[in-house]
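**Q** Numbering of the sequence shown is given in the working numbering, commencing with residue -17 and proceeding in unit increments. We treat Cβ as the ideally placed atom computed from N, Cα and C, and that holds for glycine. Just so it is clear, the structure is predicted and the values come from calculations on it, not from any experiment. Please read through the structure below; I'll follow up with questions.
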Amino acid sequence: MARPRVRLVVTADDFGYCPRRDEGIVEAFLAGAVTSVSLLVNGAATESAAELARRHSIPTGLHANLSEGRPVGPARRGASSLIGPEGFFLGKMGFREAVAAGDVALPQVREELEAQLNCFRELLGRAPTHVDGHQHVHVLPGVCQVFAEALQAYGVRFTRLPLERGVGCCPWLEAPARAFACAVERDARAAVGPFSRHGLRWTDAFVGLSTCGRHMSAHRVSGALARVLEGTLAGHTLTAELMAHPGYPSVPPTGGCGEGPDAFSCSWERLHELRVLTAPTLRARLAQDGVQLCALDDLDSKRPGEEVPCEATLVPFLEPSLP
């Protein structure tokens, strides 16, 4: 029986966070297990990561960061709604709480995004292939509008829509992780409008919230892709993105974005992802499922005559997840 075809982008986030992380990411790319990376321009190893990207011709996008470490824009010089008393961003949940309370000045968000886009261009001599958000800040209410405006102004076409079908009913996720994933999914759903109005594109489907860190396995990656394929006609080509965080564990104090590496970066979970991604088991499973790996910036050129990923192609995959 014919299966739907899947063209899968495997994106390694947090490139530039620390040299050991970057070593693992490059290893995965050279093994053909990772097809794109997202660079933190405020990371401790940003410059060496950019050199690695140039040396190995790695498709590289910007991992826009508004939540961890030091800003690179005007906020770095003084008082700003984006930073706390110590001069660092407000944190993964702190930034979300400030946005929800209306305490974040969106013009300052725009300034920081533009500064990071300019920094990326200075590092790599070109625009990013795509821009997504560190800790998914780019889909937050209000922020998503400013984000879409900035990308349109800079001529960036591709972004990430972190809306994973069925993530709310994955029993292996602990309650806090499941609640966060569902919140990200709700925000992503609401960001479809602003992203579409400003001409942004994304893959038809996204997976990675349910397969992060120790939760990643060949079985779960395959299962997540199967969920997003439900209802797809045989012979139809679906584009998807797998978010990944491979790398060797950070060793403090090296790494991070100005505050040192976080616990996740120092844990064995990054190495676990690296091993799952590069193991023959996953590669064989994906091949058996008819999945072809590609880079995000390859999607247009390899789909002649087809619609680009956008709101219209995404609609069938927007059924609500269970709480």
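Short check: CB of Cys239 to CB of Asn47, under 8 Å?
**A** Against a cut-off of 8 Å, the Cβ pair of Asn47 and Cys239 comes out as a contact.
**Q** Look up Thr(-7) in the DSSP assignment and give the residues it is bridged to.
**A** Paired residues: Ser18 and Met225.
**Q** In chain order, what are the residue ranges of uninterrupted beta strand (DSSP E) at least 3 long that sit wholly in the segment 114 to 175?
**A** For the segment 114 to 175, not a single whole beta strand (DSSP E) run of length 3 or above is found.
**Q** If we count the other Cβ atoms within 10 Å of its Cβ and call it buried at 16 or more, is Trp184 buried or exposed?
**A** By the neighbour-count rule (16 or more Cβ atoms within 10 Å), Trp184 is buried.
**Q** Please classify Glu79 as buried or exposed, where buried requires at least 16 other C-beta atoms within 10 Å of its C-beta.
**A** With fewer than 16 other Cβ atoms within 10 Å, it is exposed.
**Q** Would you report the Cα separation of Val121 and Arg168, rounded to the nearest angstrom?
**A** Those two C-alpha atoms are separated by around 9 Å.
**Q** So, does the segment 79 to 95 touch the segment 257 to 269, judging by three or more C-beta pairs under 8 Å?
**A** Cβ pair count under 8 Å is below three, so no.
**Q** Does the count of Cβ pairs from the segment -13 to 4 and the segment 85 to 96 closer than 8 Å reach three?
**A** Not touching, per the Cβ criterion.
**Q** What residues are listed by DSSP as bridge partners for His45?
**A** Bridge partners of His45: Asp114.
**Q** Under 8 Å, do Gly229 and Arg202 count as touching if we go by C-beta distance?
**A** Result no, Cβ atoms of Gly229 and Arg202 do not sit closer than 8 Å.
**Q** For Pro123, which residues in the same chain have their Cβ closer than 6 Å to its Cβ, ignoring the five residues on either side in sequence?
**A** Within the same chain, Pro123 has no close Cβ partners at all.
**Q** May I ask you to report which of helix, strand or coil DSSP gives Thr263?
**A** Residue state, collapsed to three classes: helix.
**Q** Compare the beta carbon distance of Gln98 and Val19 with 8 Å and say whether it is the shorter of the two.
**A** No. Outside cutoff.
**Q** On the DSSP letters alone, give me the boundaries of the beta strand (DSSP E) that Leu275 sits inside.
**A** Looking at the DSSP string, the run of the beta strand (DSSP E) that includes Leu275 is Val273 to Leu275.
**Q** When the Cα atoms are used, what is the spatial distance from Leu178 to Val138?
**A** A small correction: the amino acid at residue 178 is Ser; Leu does not occupy that position in the sequence shown. Approximately 13 Å, taken between the alpha carbons.
**Q** Under the rule that 16 or more other beta-carbon atoms within 10 Å means buried, what is Gly115, buried or exposed?
**A** The residue is buried, with at least 16 neighbouring Cβ atoms inside 10 Å.
**Q** My output table needs one value for Ile65: the three-state DSSP class, helix, strand or coil.
**A** The answer is strand: DSSP assigns Ile65 an E or B state.
**Q** Is Leu182 helix, strand or coil when you go by DSSP?
**A** In the structure shown, Leu182 sits in coil (DSSP, three-state: anything other than H, G, I, E or B).
**Q** Three-state secondary structure (DSSP) at Ala35?
**A** The answer is helix: DSSP assigns Ala35 an H, G or I state.
**Q** Between Val119 and Val125, what straight-line distance do the alpha-carbon atoms span, to the nearest angstrom?
**A** Between Val119 and Val125, the C-alpha separation is close to 7 Å.
**Q** Do you know offhand how far Leu191's Cα is from Glu146's?
**A** Computed Cα separation, rounded: 7 Å.
**Q** Per DSSP, Ala187 is paired with what?
**A** Answer by DSSP bridge pairing, in chain order: Ala222.
**Q** Note down, in chain order, each residue of its chain lying with its Cβ closer than 8 Å to the Cβ of Phe102, except the 5 sequence neighbours on either side.
**A** Taken in chain order, the residues that qualify are Leu21, Val23, Leu44, Ala109 and Pro110.
**Q** Give me the Cβ distance between Val(-9) and Thr17, rounded to the nearest whole Å; I'm assuming they're in contact under 8 Å.
**A** Indeed, because the Cβ distance is near 6 Å, the residues count as touching under 8 Å.
**Q** Once the 5 residues before and after Gly53 are set aside, which same chain residues still bring their CB inside 8 Å of it?
**A** Residue identity check: residue 53 is Pro in the sequence provided, not Gly. Closer than 8 Å at the Cβ level, and outside the excluded window around Pro53, lie Asn24, Ser62, Leu64, Ile65, Phe71, Glu94 and Ala97.
**Q** Spatial neighbours of Ser283 within its chain, please: CB distance less than 6 Å, with the 5 preceding and 5 following residues excluded, ordered by chain position.
**A** Note that Ser283 scores 41 on pLDDT, short of 50, meaning its location in the model is unreliable; the coordinates nonetheless yield the value given after this. Within the same chain, Ser283 has no close Cβ partners at all.
**Q** So, are the CB atoms of Val(-12) and Ala222 less than 8 Å apart?
**A** It is a contact, given that the beta carbons lie within the stated cut-off.
**Q** If contacts are defined as beta-carbon pairs under 8 Å, then Leu259 and Ala226 qualify, I think. What distance do you get, rounded to the angstrom?
**A** Leu259 to Ala226, Cβ: 6 Å. Contact.
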